[in-house]
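Notes follow the structure.
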Amino acid sequence: MDRALQRTKILTDHLFQSSPSSPAQTPSLSSNACLNYSPPELSENYAFDIKHMRKLIDGHNVEERDWLFGLMRQSKLFNPKVRGGKVFVSPDYNQSMEQQREMTMKRIEYLLERGVFRGWLTEIGEEVQMRKFACFEVLSIYDHSIATKLGVHFFLWGGAIQFFGTKHHHDKWLRDTENFSIKCSFAMTELGHGSNVRGVETVTTYDSNTGEFVINTPCETAQKYWIGGAANHATHTIVFSQLNINGTNQGVHAFIAQIRDANGNICPNIRIADCGHKIGLNGVDNGRIWFDNFRVPRENLLNSVADVSPDGKYLSSIKDPDQRFAAFMAPLTVGRVNIAVSAVYQSKVGLAVAIRYALTRRAFSLKPNEPEILLLDYPSHQRRLLPLLAKIYAMSFAANYLKMLYVKRTPQSNKTIHIVSSSFKATFTWNNMQILQECREACGGQGLKTENRVGHLKGEYDVQSTFEGDNNILMQQVSKALLAEYVAAQKRNKAFKGLGLEHMNKPCPIIPSQLTSTTLRCSQFQMDALCLRERDLLNLFVADVSQYQAKGESTERAFIMSYQLAEDLGRAFSDRAIFQTFVEAEATLAAGSLKDVLGMLRSLYALICLEDAAFLRYGYLSVGNAATVRREITKICSELRPHALALVSSFGIPDTFLSPIAFNWIDANSWSSVEH
Amino acid sequence: MASSVSSQQDQVLVEAISSARILTLNRPKQLNAQTIQMISPLLELFLAFEKDPNVKLVILKGKGRAFSVGGDVAAVVRDIRADDWRVGANFFMKVYTLNYLMATYSKLQVSILNGIVMGGGAGASLHGRFCVATENTIFAMPETALGLFPDVAASYFLSRLPGFFGEYVGLTGSRLDGAEMLACGLATHFVPSVKLPMLEAALCDVDSSDPVIISSIIDQYCEQPSLKEQSVYNRLDVIDRCFSQKTVEEILSALEREVVHQMDGWISATIQTLKKASPTSLKISLRSIREGRLQGVGACLVRDYRMVCHVLQGELSKDFYEGCRAILLDKDKNPKWEPSKLELIADSTVDCYFSKVNNEEWEDLKLPTRAKFNLPPYAIAKL
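Now the structure itself:
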């Protein structure tokens, strides 16, 4: 009772009291010895041309990116908020799930009207593919929901029509998809089967009397799950299903199905339910689908690798079902490439915010009455953030390499693309979550505010380690593929070629017993160390697997048992492959300040890799050398400190897409900025 | 103190009243067109006032029927013809330095735009804290018709107007009146010209450097003007649809699509204006506004300086000289642009305008250091 009275009194006081005096009437409040926000732009210098650096790490379509950033900044749909005199855009994550979904769709319509998607499915060639990648990177900086919703529509559905379908599918669907006359989804995953697509339980049969396929969900675990777009908007989907012809299962095939009419009503013989609220990505309407004798015309089978004749005969140019399945899955690579490269951009947002904050926020003075120390002037803070910056520079080059590999693909390069995209997707997305967590903590309590983005992005992007292939499974595929390369080279007694494994043909590199600073910064040494680990782990993995096989285990079982080496090997491959792209990018530059800074970042990246436990575990580094590596890292961090602002400014992310704590966080939090 | 400066510089008049300083641009016959003899003293005065603890407020206005029509381009072109393009570059360097100083000024600048304000005139006022428009105000950025581009960090303030109004104003050179300036946010206040003497007196009286107080004083003389029925600001949705397109060519075809839908004189006139402007100017202006939207005011000025040096150097295009000939000197109003069509301009040529000038002695614009001043939040936000 007392408590209630007390609260009432507080509330009454609050309501009847005249509002606290505004700063205008008490100017002394702002002019006393309070902390001032000192913009880092005014005190830090740029030792290199940040526009040049941006061009190098963005790699392509810089003008297109800026146009798209501008389109979002100028529209109320993207929820602009003024903080500290600057405009910031970010979705209102405080809206309900339903509202967020509607906003995502409205934003897509706005971009559609402005011509952002022009040519995305109706043009072919490298130029439009690179343009698409650039736009996705930019959109994913704004919000993962909009990028995912578009990814499902263009890359999954659109890609499936392009690659699984044939001319009549292209003619019928691509233009309608590009201009959103239809809204599309992709129904592959089921409750009971995710990564193991070959195990899906949806069954399709053929009715030669009507010339239709009949799709069924035979059990609860066969319900389609996580289907982006299915819960609210999608009018069409591609159903992945076993195809049963005259009692013979021909394996997984894909069928076009209309699931809603033009008015948004769910079609007969289909049941749809919502997946519900998620830890992020609530602007995407993920749903579940059940099919009850649902019929689609015969030509809705995407028939690039297999077809069924009107009288019900199964026809395929690829006889081996394994190969047929592989041919089927190959187009999904583009989604993986896209996820990998956009993960790098989330990390850029996190690092730009955390480093800018660390250049303006102070804590603790060494002596009483002395000014407090800037966070980024603490060696420990440098050690937390700057190696992550080096990683992101390395991964930017690797991402550009991956995109080029993809757009210049040939039938011969499919295997390489599969392995590199799997490895980079897993590595970049895991890395992204670690970076965002570190950046969140580096921003302290401010990192917890949704408006400051860093912390919130974790929930939004967590799914990247799962969709389009679970990271652990992808990494296992990398190790398996490396083992296959090894076996093939041995069997045919031929040299290793491709995947960067050529180093296996050379003598084993030797690590000096006493490492010096000069050696540690030498790119040849760095490459040697990374190759040594990869080479040795591949040898160990091969030996381990064959040992299990010698004991009578199946190859599959032997892989499962050797998982620890497989994981270490996968990481060794990724680190080395990423490093190689860094070295190649650096080699294209003329001597100068930009190249010097990149050299430092490259060394820092390499040395961080050398801190991987494998180097000590398998004895590639002595305990003494490991300590030397650690000391050198600290040294490079302090040398990079003066370039920190320039390095995050080079990311080319407009201020509007960062967050209030990255700028004048005092003014952004002042009383006058409170909405009274 | 300040009056001693004024006596030797008659293109800028200086009055000191209590803690306010009133600067009057004084070339009324030339509509206060800016020359190096006007910009240099302005720069010195602004620097001196910032250090002077007795100064709290700077009022800037123009004598006669213009605030300022911008840089005295005809004079600049004459100089360049007689001498080296770098004489012109030096003029623009001073102008841009002044723009930066005003944008990041630690004291208050109130500009009174009682008349024509164009190009460099906008640069000398809109970057400051307060801009007062009147019923006499006529604003425009007419550079694309002259073979130039909206410089003076117009890419900063135009790009931040609602929607894609900035692209419209920057590419077409469309004129805005005081009511429109207030509506779109280019002006902070609208005061009828009859009240200006009282406003000035009140500002000189107040002895404050607090923006909230100064703003409330101006508010006392303000009126809410109404937009003309035919105002372009009532056409924002068409402007947004068309001027948000990626390229100048796509903007034009979007406008042409609109004409088909609705026979509208305004849209056809807009298309005609764009077709009369220098194609090179249109392309580099659009790119500049788009970049400026994502940059701080300093970066905008560094870019403007690169661009203007390329324009003056005349190696990529001589449209600026042709524009000055046709509009300002021969006045035949019939410039022969080269390249003559948008589609004849390669992206790589446009790129060149944004890169450093290939000349050993040339350097990027060096912005004055502002670190030692305690910048107010609204200036910090522009960095």
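The listed protein sequences correspond, in order, to chains U and A.
In terms of this note's numbering, the first sequence has 3 at position 3, counting the first letter as 1, and numbering is strictly consecutive.
In terms of this note's numbering, the second sequence has 1246 at position 246, counting the first letter as 1, and numbering is strictly consecutive.
Note that the Cβ used here is the ideal one computed from N, Cα and C, for glycine as well.
From the listed residues 301(U), 234(U), 251(U), the smallest Cα separation to residue 199(U) is found for 251(U). Neighbourhood of residue 1293(A) in chain U, by CB distance below 9 angstroms: 66, 69, 70, 73, 74, 654, 656, in chain order.
Counting only runs of at least 3 residues, the segment 232-306 of chain U fully encloses the following beta strand (DSSP E) elements, listed from N- to C-terminal order: 236-245, 248-258, 270-274, 286-291, 294-297. For residue 114(U), the closest Cβ of chain A is nearer than 9 angstroms. Using a CB distance cut-off of 9 angstroms, residue 1244(A) counts as an interface residue toward chain U. Listed as beta-bridge partners of residue 216(U) by DSSP are 203(U). Rounded to whole angstroms, the gap between the alpha carbons of residue 150(U) and residue 1377(A) is 38 angstroms. In terms of beta-carbon proximity, residue 1168(A) stays away from the interface with chain U, with every pair separated by 9 angstroms or more.
Contact between residue 1150(A) and residue 1158(A) holds: their C-beta atoms lie close to 6 angstroms from each other, under 8 angstroms. Look at residue 348(U): its C-beta is not under 9 angstroms from any C-beta on chain A.
The beta carbon of residue 80(U) sits closer than 6 angstroms to the beta carbons of 87, 89 from its chain, once the five residues preceding and following it are set aside; these are given in chain order.
Residue 183(U) and residue 115(U) do not touch by the CB rule: their CB atoms are close to 19 angstroms apart, not below 8 angstroms. Pairing residue 479(U) with residue 471(U) gives a Cβ-Cβ distance that is not under 9 angstroms. Per the coordinates, the alpha-carbon of residue 142(U) lies some 49 angstroms from the alpha-carbon of residue 513(U). Boundaries of the alpha helix (DSSP H) around residue 136(U): 126-142.
Going by DSSP, residue 80(U) is part of the beta strand (DSSP E) stretching over 80-83.
Proximity to residue 579(U) across 437(U), 78(U), 399(U), 363(U) peaks at 399(U), based on C-alpha coordinates. Nearest C-alpha to residue 395(U) among 574(U), 238(U), 495(U), 511(U): 574(U). For residue 1042(A), the three-state secondary structure derived from DSSP is helix.
In the DSSP assignment, the residues bridged to residue 1131(A) are 1111(A). When 534(U), 443(U), 218(U) are compared, the shortest CA-CA separation from residue 610(U) is found for 534(U). Take residue 93(U), set aside five residues on each side of it, and the residues of its chain with a beta-carbon closer than 6 angstroms to its own are 450, in chain order. Chain A has no Cβ within less than 9 angstroms of the Cβ of residue 149(U). With respect to the C-alpha of residue 166(U), the residue from 352(U), 495(U), 306(U) having the closest C-alpha is 306(U).
Within the segment 33-54 of chain U, those residues whose Cβ lies closer than 7 angstroms to any Cβ of chain A are, in chain order, 36, 37, 39, 41, 42, 43. When Cβ pairs closer than 8 angstroms are counted between the two stretches, the segment 1169-1181 of chain A is seen to touch the segment 1256-1276 of chain A, the count reaching three or more. Per DSSP, reduced to three states, the secondary structure at residue 1337(A) is coil, with no helix or strand assignment. Residue 168(U) and residue 327(U) have their C-alpha atoms some 20 angstroms from each other. Apart from the 5 residues on each side of it in sequence, residue 1296(A) sits with its Cβ closer than 7 angstroms to the Cβ of 1382, 1383 in its chain, given in chain order. Apart from sequence neighbours up to five positions away, the residues of its chain that approach residue 128(U) with a beta-carbon distance below 6 angstroms are 119, ordered along the chain. Short of 6 angstroms from the beta carbon of residue 295(U), and not among the five residues preceding or following it, lie these beta carbons of its own chain, in chain order: 212, 214. Per DSSP, the continuous alpha helix (DSSP H) segment holding residue 351(U) begins and ends at 333-358. Of the other Cβ atoms in all chains shown, 16 or more fall within 10 Å of the Cβ of residue 1058(A); this residue is therefore buried. Against residue 86(U), the close residues of chain A are 1381, in the order they occur along the chain (beta-carbon pairs closer than 7 angstroms). Residue-level contact check: residue 663(U) touches chain A, since one or more beta carbons of chain A fall below 9 angstroms from its beta carbon. Annotation for residue 1167(A): the continuous alpha helix (DSSP H) segment containing it runs 1165-1172.
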